[in-house]
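Q:
2 protein chains.
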Amino acid sequence: MKTDMTRYLPILTWGRAYNRSALSSDVVAALIVTIMLIPQSLAYALLAGLPPEAGLYASIAPIMLYAVFGTSRALAVGPVAVVSLMTAAALSNIVEQGTMGYAVAALSLAALSGVILLAMGLFRLGFVANFLSHPVIAGFITASGIIIAASQLKHVLGIDAEGNNLLELVISITEHIAETNWITAIIGILATGFLFWVRKGLRPLLKRFGLSDGLTGVLVKTGPVAVVVATTFAVWAFGLSAKGVKIVGEVPQSLPPLTLPSFSPELLGQLLLPAFLISIIGFVESISVAQTLAAKKRQRIDPDQELIGLGAANIGAALTGGFPVTGGFSRSVVNFDAGAETPAAGAFTAVGLAIAALALTPLIYFLPKATLAATIIVAVLSLVDFSILKRSWDYSKADFSAVFATMIITLAIGVEAGVSAGVGLSVLLHLYKSSKPHIAEVGQVPGTEHYRNILRHDVITDPSIVSLRVDESLYFANARYLEDNIHNRVAGDKNIRHVILQCSAINDIDLSALESLETINARLHEMGVKLHLSEVKGPVMDRLKRAHFLAELTGEVFLSQFEASSTLKQM
Amino acid sequence: MKTDMTRYLPILTWGRAYNRSALSSDVVAALIVTIMLIPQSLAYALLAGLPPEAGLYASIAPIMLYAVFGTSRALAVGPVAVVSLMTAAALSNIVEQGTMGYAVAALSLAALSGVILLAMGLFRLGFVANFLSHPVIAGFITASGIIIAASQLKHVLGIDAEGNNLLELVISITEHIAETNWITAIIGILATGFLFWVRKGLRPLLKRFGLSDGLTGVLVKTGPVAVVVATTFAVWAFGLSAKGVKIVGEVPQSLPPLTLPSFSPELLGQLLLPAFLISIIGFVESISVAQTLAAKKRQRIDPDQELIGLGAANIGAALTGGFPVTGGFSRSVVNFDAGAETPAAGAFTAVGLAIAALALTPLIYFLPKATLAATIIVAVLSLVDFSILKRSWDYSKADFSAVFATMIITLAIGVEAGVSAGVGLSVLLHLYKSSKPHIAEVGQVPGTEHYRNILRHDVITDPSIVSLRVDESLYFANARYLEDNIHNRVAGDKNIRHVILQCSAINDIDLSALESLETINARLHEMGVKLHLSEVKGPVMDRLKRAHFLAELTGEVFLSQFEASSTLKQM
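Protein chains in written order, with my numbering: chain A, -10 to 560; chain L, -10 to 560.
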């Protein structure tokens, strides 16, 4: 019972050993992360199509809950770019943005995603995330980054534009570009340029002034806050909101409200697939960040428990006015670099954000939306990386085609179609590859007991015997290929009296493959040819015995290929 | 060019060697098959929801076209039970039965299915059919057989009832059972009983009278014809159609008409998925019949050319008033047993059916629909075989769960959902199995250079070295599992300084797995542990070199596991 408790509540493990030194490290990390998260949370709420405060709310309860249930010491949970985009894509097809129904649908999406993650964790289904191949994820994230950046252009230009994919966005922006608000555009472009410079130019500059690495890092992270303060001040001081610059406006001064998602079966039905995709993508992103950081300190991550932690975080988001969340890369790295030692750092961050939600929201009344868009654009363009195309092209055309299709479909149709296509294609390509296993006809290397491919080696064969070695486990997708292969090899050659299947590389035979073996045995029998097996592995042999295949087999089972062919030659 | 011609037109091969002996064998076979096919074709048209003549038409052009393009010598192409059911299921959701639109939609379904099959053949995509596991097909066919039998009960009882699955059918029949027409029911039940007796009781009886096997076989096959003649005569003689017995009625006396399918994009869009499923199921059924029969005469079947043959047959059906067709089991076996030597037997059968369509249709005016339903029920109940449940349960629970789900979903929801679920589950279960490959920690067998699983053998290990052997190729679905496995093994043990991955069983590494290896290498580096490889296969080594992985690798690549661990021990 006790071990079960600590499994499901990792907080019991690290909480017991918590001391003053860990406390001070965690508080410092929390302070830095809080400052970074304020503009980021507001911006991702905007990206998800929600009011800015939803971003703050989505960072408070989820962080707390992850601290209780999660296994990573440094992961920071909250709204992230790709999941926010997927949220917007899922909701925009169902309800109109800006309506009350939209916010409720976002809660429902978070709740559904939380339940899916929790269920996957409890049933230990974390392996489902493995069906996403790394290159496909890389392609998807690059394409998503482009869509996100394109979707924020409207805020930078102060125009209206809509679209769930690059095509729609480009068309919509082109249609409205004449309506550009030039003051907004100047703010947006300056903010974007400044943030790029902070990323690329500020660090070397500060180092030249002899600042320490740590201080440089902190200053670079405060870049977005500086832009927020400067542009907010500018809008207030010069009354720019009266000149058409769109601002954040009134944000309630409140702790996260208690909210309830909708339980309408129709809505939940429409949200089920998006929620599943969001859960999988969010989990994959989160677990790889968690594992990368854990490796640096030789800590362990339990993927199934991570699902539970993220599930709890999303349910928390649904109950406190948020939207779908996951472990984010940049915030987690900042947390880790700032010295966070335990998930308590996350809890302190939550407290910081709660104070911000209570006390600081009046200060952002004049914050221009263009500034938030600029922080998003700069953040997501670091996700865009086309090198995966060249890398996969060089490595394998199958991988390349999956990546390419994922990117094109994501850009041209949308995120849900893109990620579904990527998963589908990866699986199909894998099945295709393993559906045509390497089958070598083997012969004896003269003077030895070894058998090698007759096409590559000078070997001894017997015209009445065909020996075949299959280099793959047998299962439904390759069973018929084996049937065809043996049938065609034997049908054309009247001399053949024995077929020996060398099973040294066969780790498993499923029921389809067993039936194929029975068919092969029966068909060979019709042709007057006997089927023999050699070098069958123990567990496979047990199964064949259990299924009475050995009783049907026209030939024999030999311990070694050498024994098989020398016995049959003498017959 | 010439070899290409004979590849795509197998008729050029057998046609050249055609002689008088083959001719007489083929004519005799054609005669027997024609007699059997007349009632069967009418019945399957009824099952598909079409007028009876459509069944005859669907057997004429398709047989001819298959004779030109197909590679099987004995396969008889035409309407078959499961495909007819799937046709009815696909169309009933779109158009109302009995309308002109229904017949046109059936043509479109055949055309679409023909194009899909043809395209799969030309692009050599026959392997797609391999993704259906044998047990899943067996479960699907059993469930379909039950639905077909249930769907025919309404004709036997002379009532109205509708439904695409067993649930709907049972409810609908229960609702209407009070309306049973007792004369129809008596005809239907007698016909069914008689046909069962012909199958089970007649053969032993005839043998007891000393009839030869061949003659017995022919007499048994004429059972359905006898029932058709007897019940038609009874309805005519006693004027039963006036008493509510539903009859076939007027059937046009005509050769197959030239028809055009609809090219409405909306209709084709709705039919695309059903057409794909019909193509796959039809192809799988057909190819296994063809190969079973070919094996008996040591002939070869080319699966991709079979796709072309079936594609041509379906397009032929679409252009001559038919509906989707495929190679049928019972008709092909009859054809084979009757001595058909070449596809010309099929062509002669087509001639026989054309004569029937021209001359015999007035004779079936009084044929009761209950008789046709009886022939269907008796034919499909031979498809129903629950033994696959026990067999798969005994062999593997994974196979069992796929079969069971396929059957339940087919019965409760319908054929399309059932077969889709079966394919989906088979693939998922396979991915699940291969996503958790066997990873053995190995040690040296004392006094040898062999390395074995430390859990099964008494072996020598070194506390600073972990040697792991992965018994599966590495790809996206198991790459992360390997990451987790190595991470967890190393994170908990501070003594470890080297990890050796023994790659003797790894035939392939995809890009995802390569990235996992890079991650493992980097994470181990963070922990101060080196990663080494041993016994890497040639082609895998080439790829790793091309991807510059070996340059990043913190450790070395050793030719053998023995070399690896003895070198590292000395360090």
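Glycine included, C-beta positions come from ideal geometry on N, C-alpha and C. Computed from a predicted structure; not experimentally measured.
Tell me which same chain residues have a C-beta within less than 7 Å of the C-beta of N153 (chain L), skipping the five on either side of it?
A: Hits under 7 Å: A78, S81 and G403.
Q: Based on Cα-Cα distance, which residue from A:V72, A:N8 and A:L121 lies nearest to S409 (chain A)?
A: Among A:V72, A:N8 and A:L121, the Cα nearest to that of S409 (chain A) belongs to A:L121.
Q: By Cβ distance, which residues of its chain are closer than 8 Å to E524 (chain A), with the 5 residues on each side in sequence left out?
A: Excluding residues within five positions, the ones whose Cβ falls inside 8 Å are Q491, C492, S493, F547, L548, S549 and Q550.
Q: Three or more beta-carbon pairs under 8 Å between the segment 300 to 310 of chain L and the segment 95 to 113 of chain L, yes or no?
A: The answer is yes - the segment 95 to 113 of chain L touches the segment 300 to 310 of chain L, with three or more Cβ pairs under 8 Å.
Q: In terms of alpha-carbon separation, which member of A:A139, A:I52, A:L142 and A:T450 lies closest to A343 (chain A)?
A: Considering only alpha carbons, the answer is A:I52.
Q: Using a Cβ-Cβ cut-off of 7 Å (strictly less than) and excluding sequence neighbours within five positions of V224 (chain A), which residues of its own chain qualify?
A: These residues qualify, in order along the chain: S230, V234, I236, F355 and P357.
Q: Residues in its own chain within less than 7 Å of V17 (chain L) by CB, not counting five upstream and five downstream?
A: A327 and G328.
Q: For K386 (chain L), count the other beta carbons within 10 Å of its own beta carbon; 16 or more makes it buried, fewer makes it exposed. Which is it?
A: Classification for K386 (chain L): exposed.
Q: Could you check where the alpha helix (DSSP H) with E295 (chain A) kicks off and where it finishes?
A: Element bounds for E295 (chain A): P292 to L308.
Q: Distance check for L179 (chain A) and S554 (chain L), CA to CA, integer angstroms please.
A: Distance between the alpha carbons of S554 (chain L) and L179 (chain A): 60 Å.
Q: Among A:Y470, A:L155 and A:K232, whose alpha-carbon lies nearest the alpha-carbon of I398 (chain A)?
A: The residue with the shortest Cα to Cα distance from I398 (chain A) is A:L155.
Q: Between A391 (chain A) and S415 (chain A), what straight-line distance do the alpha-carbon atoms span, to the nearest angstrom?
A: Looking at the two C-alpha atoms, the distance is approximately 6 Å.
Q: Does the Cβ-Cβ distance between G147 (chain L) and A174 (chain L) come in under 9 Å?
A: Yes.
Q: Would you mind working out which of L:F129, L:E157 and L:T131 sits nearest S140 (chain L), comparing C-alpha positions?
A: For S140 (chain L), the nearest C-alpha among the options comes from L:E157.
Q: Return no unless some Cβ of chain L is closer than 9 Å to the Cβ of F465 (chain A).
A: At least one chain L Cβ lies under 9 Å of F465 (chain A).
Q: What does the alpha-carbon distance come out to for the pair I162 (chain L) and T23 (chain L)?
A: Spanning the two alpha carbons is a distance of roughly 34 Å.
Q: Could you tell me how far apart the beta carbons of V117 (chain A) and E274 (chain A) are, in whole angstroms, since I believe they sit closer than 8 Å?
A: Wrong, their Cβ atoms sit about 15 Å apart, outside the cutoff.
Q: Please name the residues in the segment 404 to 420 of chain A whose beta-carbon is closer than 7 Å to at least one beta-carbon of chain L, in chain order.
A: Under the 7 Å Cβ criterion, the segment 404 to 420 of chain A contributes S415, V416, H419 and L420.
Q: Assuming the contact rule is C-beta atoms closer than 8 Å, Y55 (chain A) and G413 (chain A) should be a hit. Round their C-beta distance to whole Å, please.
A: Y55 (chain A) to G413 (chain A), Cβ: 31 Å. No contact.
Q: Nearest to V69 (chain A) by alpha carbon, out of A:A94, A:Q29 and A:L39?
A: Nearest of A:A94, A:Q29 and A:L39 to V69 (chain A), Cα basis: A:Q29.
Q: Taking 9 Å as the CB-CB limit, is F566 (chain A) close to chain L?
A: Residue 566 (chain A) cannot be examined here, being either before or after the span of chain A that is shown, -10 to 560.
Q: Quick test of the definition: if touching needs 3 or more C-beta pairs under 8 Å, does the segment 418 to 436 of chain A touch the segment 454 to 468 of chain A?
A: Verdict: yes, contact present.
Q: In chain A, which residues lie less than 9 Å from G481 (chain L) when you measure between Cβ atoms?
A: Near G481 (chain L) (Cβ distances below 9 Å), the residues of chain A are R287 and R289.
Q: Can you name the residues of chain L whose CB is closer than 7 Å to the CB of R469 (chain A)?
A: Near R469 (chain A) (Cβ distances below 7 Å), the residues of chain L are N119.
Q: Can you tell which of L:T76, L:P452 and L:N8 has its C-alpha closest to the C-alpha of L261 (chain L)?
A: Checking every option, the nearest Cα to that of L261 (chain L) belongs to L:T76.
Q: Are I365 (chain A) and Y33 (chain A) touching if we call contact CB-CB under 9 Å?
A: Cβ atoms of I365 (chain A) and Y33 (chain A): closer than 9 Å.
Q: Would you call the CB atoms of R535 (chain A) and Y384 (chain L) closer than 9 Å?
A: Yes.
Q: Helix, strand or coil: how does DSSP classify H521 (chain A) here?
A: Strand, per DSSP.
Q: What does M516 (chain L) touch in chain A if you count any residue whose Cβ is under 7 Å from its own?
A: By Cβ distance, chain A contributes A284 and R287.
Q: Does the distance from the C-beta atom of I49 (chain L) to that of A346 (chain L) stay below 9 Å?
A: Their beta carbons are under 9 Å apart, which means I49 (chain L) touches A346 (chain L) by this criterion.
Q: Please list the partners that P124 (chain A) has in chain L, where partner means a Cβ-to-Cβ separation under 8 Å.
A: By Cβ distance, chain L contributes L500, S501 and E504.
Q: Might you give, ordered along the chain, the residues of its own chain that have their beta carbon closer than 6 Å to the beta carbon of E545 (chain L), omitting 5 neighbours on each side?
A: The residues are H521.
Q: Please classify E438 (chain L) as buried or exposed, where buried requires at least 16 neighbouring CB atoms within 10 angstroms.
A: Under this definition E438 (chain L) is an exposed residue.
Q: Would you mind working out which of L:F272, L:D293, L:L107 and L:A363 sits nearest G212 (chain L), comparing C-alpha positions?
A: If we check each option's Cα against that of G212 (chain L), L:A363 comes out closest.
Q: By the three-class DSSP mapping on this structure, what secondary structure does I398 (chain A) have?
A: Here I398 (chain A) sits in helix by DSSP.
Q: Give a yes or no on whether the C-beta atoms belonging to F389 (chain L) and S376 (chain L) are separated by under 9 Å.
A: The answer is no: Cβ separation not under 9 Å.
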